[in-house]
Amino acid sequence: AQKITQTQPGMFVQEKEAVTLDCTYDTSDPSYGLFWYKQPSSGEMIFLIYQGSYDQQNATEGRYSLNFQKARKSANLVISASQLGDSAMYFCAMREAGGGSQGNLIFGKGTKLSVKP
Amino acid sequence: ETGVTQTPRHLVMGMTNKKSLKCEQHLGHNAMYWYKQSAKKPLELMFVYNFKEQTENNSVPSRFSPECPNSSHLFLHLHTLQPEDSALYLCASSQDGTGGGYEQYFGPGTRLTVT
Numbered sequence: 112a113q114k115i116t117q118t119q120p121g122m123f124v125q126e127k128e129a130v131t132l133d134c135t136y137d138t139s140d141p142s143y144g145l146f147w148y149k150q151p152s153s154g155e156m157i158f159l160i161y162q163g164s165y166d167q168q169n170a171t172e173g174r175y176s177l178n179f180q181k182a183r184k185s186a187n188l189v190i191s192a193s194q195l196g197d198s199a200m201y202f203c204a205m206r207e208a209g210g211g212s213q214g215n216l217i218f219g220k221g222t223k224l225s226v227k228p
Numbered sequence: 167e168t169g170v171t172q173t174p175r176h177l178v179m180g181m182t183n184k185k186s187l188k189c190e191q192h193l194g195h196n197a198m199y200w201y202k203q204s205a206k207k208p209l210e211l212m213f214v215y216n217f218k219e220q221t222e223n224n225s226v227p228s229r230f231s232p233e234c235p236n237s238s239h240l241f242l243h244l245h246t247l248q249p250e251d252s253a254l255y256l257c258a259s260s261q262d263g264t265g266g267g268y269e270q271y272f273g274p275g276t277r278l279t280v281t
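If you read the sequences in order, they're chains A and B.
Each residue of the first sequence is one higher than the one before, starting from 112 at the first, in our numbering.
Each residue of the second sequence is one higher than the one before, starting from 167 at the first, in our numbering.
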């Protein structure tokens, strides 16, 4: 079973509008971390935002916020006031707290976001 | 130089060649990673080094040989590759590799084409 599921292969959003990118995860570990990365066409993976499983509040970083619904095992990324430079692939990832292989990041397949002028 | 750098950015090699990819991190991190990103596939973890010791080899074929001489440098030696090895190879580093909330910082990647 997939541990990270991103159901939207591609999304379009109008410039200056908000957009939500979906991510659901599967883990039995009570301690884990959730990450979002942006990958522009240049290839570099850029870290955007992190949410810990015990964090009481949703994480926010500038125009990025993470809508964390623990019971539903979802960690959606919300981008407010979209800009043309936001056009990229977006990856959701999870890291379980165990040592060894469990501490590695597991990535979803990604969502390609296109911002229209 | 800041962050994570990778050289070369693009590489074309024949199946009988030997080449190496280089990664360097300037963040004072202790863990380094190699990932493979093929078209339409999730990022695949290949190797993890934590404090210069290899802690993960994700069933990678022996034609890929990693080397981590110190916590700042990571190499991926390539020999006798196959066309299906063509991909974007990404290097990353993090504060440590033992779990927890430490995000990984990625380099720009090496786009490898095997002919």
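Just so you know, even glycine gets a beta-carbon here, dropped at the ideal spot from N, CA and C.
Since we're looking at a predicted model, the values are computed, not measured.
For B:Gly-169, which residues in the same chain have their Cβ closer than 8 Å to its Cβ, ignoring the five residues on either side in sequence? Looking up residue 169 of chain B in the second sequence gives position 3. Result list for B:Gly-169: Gln-191, His-192, Leu-193, Tyr-271 and Gly-273, in chain order.
Assuming B:Gln-203 contacts B:Leu-254 under a Cβ cut-off of 8 Å, what Cβ separation, rounded to an integer in Å, is found between them? Here the question's residue 203 of chain B lines up with position 37 in the second sequence. Here the question's residue 254 of chain B lines up with position 88 in the second sequence. About 4 Å; that satisfies the 8 Å criterion.
For chain B, check one thing: does any of its Cβ atoms lie closer than 7 Å to the Cβ of A:Phe-158? Residue numbering aside, residue 158 of chain A sits at position 47 when the first sequence is read from its first letter. Yes - at least one Cβ of chain B is within 7 Å of the one on A:Phe-158.
Thinking C-alpha only, which one of A:Gly-219, A:Asn-187, A:Tyr-175 and A:Ser-225 is nearest A:Gly-196? In the first sequence, residue 196 of chain A corresponds to position 85, counting from 1. Closest option to A:Gly-196, judged by alpha-carbon separation, among A:Gly-219, A:Asn-187, A:Tyr-175 and A:Ser-225: A:Ser-225.
So, for A:Gln-119: in the same chain, excluding its five sequence neighbours on each side, which residues have a beta-carbon less than 7 Å away from its beta-carbon? Position 8 of the first sequence holds residue 119 of chain A. Closer than 7 Å at the Cβ level, and outside the excluded window around A:Gln-119, lie Leu-132, Asp-133 and Thr-222.
Contact residues within the segment 180-196 of chain A, judged by C-beta distance below 9 Å to chain B: So the list is empty, because no residue satisfies the distance condition.
Does DSSP classify B:Leu-209 as helix, strand or coil? For this step, residue 209 of chain B is matched to residue 43 along the second sequence. It is coil, neither helix nor strand.
Among B:Ser-225, B:Leu-177, B:Ser-260 and B:Asn-196, nearest to B:Pro-249 - alpha-carbon criterion: Translated into positions along the second sequence, residue 249 of chain B becomes position 83. With respect to the C-alpha of B:Pro-249, the residue from B:Ser-225, B:Leu-177, B:Ser-260 and B:Asn-196 having the closest C-alpha is B:Leu-177.
What are the residues in the segment 266-277 of chain B lying within 8 Å of chain A by C-beta distance? So the list reads Gly-266, Gly-267, Glu-269, Gln-270, Tyr-271, Phe-272, Gly-273, Pro-274, Gly-275 and Arg-277, given in the order they occur along the chain.
From the DSSP output, in three-state form, read off B:Gly-194 for me. In the second sequence, counting from the first residue as 1, residue 194 of chain B sits at position 28. Coil at B:Gly-194, not helix or strand.
Under 7 Å, do B:Met-198 and B:Ser-259 count as touching if we go by C-beta distance? Within the second sequence, residue 198 of chain B is the residue found at index 32, counting from 1. Within the second sequence, residue 259 of chain B is the residue found at index 93, counting from 1. Cβ distance < 7 Å, so B:Met-198 and B:Ser-259 count as in contact.
If you run the structure through DSSP and keep just helix, strand and coil, what is A:Gly-163? Within the first sequence, the letter at position 52 stands for residue 163 of chain A. It is a strand residue.
Using DSSP with H/G/I as helix, E/B as strand and the rest coil, what is A:Gly-219? Start at 1 with the first residue of the first sequence, and residue 219 of chain A comes out as number 108. DSSP places A:Gly-219 outside both helix and strand once states are collapsed to three, so it counts as coil.
DSSP puts A:Arg-77 in a beta bridge; with which residues? Here chain A covers residues 112 to 228 and nothing more, so residue 77 of chain A does not appear.
So, at 6 Å on beta carbons, what are the nonlocal neighbours of B:Ser-231 in its own chain, with the 5 sequence-adjacent residues on each side left out? Taking the first residue of the second sequence as position 1, residue 231 of chain B is located at position 65. The residues are His-243.
Which residues in chain B have a C-beta closer than 8 Å to the C-beta of A:Ser-153? List them in chain order. On the first sequence, position 42 is the one that residue 153 of chain A refers to. Pro-274, listed in chain order.
Name, please, each residue of chain A whose Cβ falls closer than 8 Å to the Cβ of B:Leu-242. Locating residue 242 of chain B in the second sequence gives position 76, counting from the first residue. The contacting residues do not exist; B:Leu-242 stays about 16 Å from chain A at best.
By alpha-carbon positions, which one of B:Val-280, B:Lys-218 and B:Gly-275 ends up nearest to A:Pro-151? Reading the first sequence from its first residue, position 40 is the one you call residue 151 of chain A. Nearest of B:Val-280, B:Lys-218 and B:Gly-275 to A:Pro-151, Cα basis: B:Gly-275.
Closer than 8 Å by C-beta to B:Ser-238: which residues in its own chain qualify, once you throw out the five before and the five after it? Chain order, please. Counted from its first residue, the second sequence places residue 238 of chain B at position 72. These residues qualify, in order along the chain: Glu-190, Gln-191 and His-192.
Are any of the Cβ atoms in chain B nearer than 7 Å to that of A:Asn-215? Within the first sequence, residue 215 of chain A is the residue found at index 104, counting from 1. Yes, contact with chain B.
Does DSSP classify B:Glu-222 as helix, strand or coil? Locating residue 222 of chain B in the second sequence gives position 56, where the first residue counts as 1. Looking at B:Glu-222 - three-state DSSP - the assignment turns out to be strand.
Three-state secondary structure assigned by DSSP to A:Leu-195: Reading the first sequence from its first residue, position 84 is the one you call residue 195 of chain A. Per DSSP, reduced to three states, the secondary structure at A:Leu-195 is helical.
Would you decide whether B:Gln-172 is buried or exposed? Buried here means 16 or more other CB atoms lie within 10 Å of its CB. For the purposes of this step, residue 172 of chain B is identified with residue 6 of the second sequence, where counting begins at 1. Classification for B:Gln-172: buried.
Does chain A have any CB closer than 7 Å to the CB of B:Leu-193? One-based indexing of the second sequence puts residue 193 of chain B at position 27. It does not: the Cβ of B:Leu-193 has no partner Cβ on chain A nearer than 7 Å.
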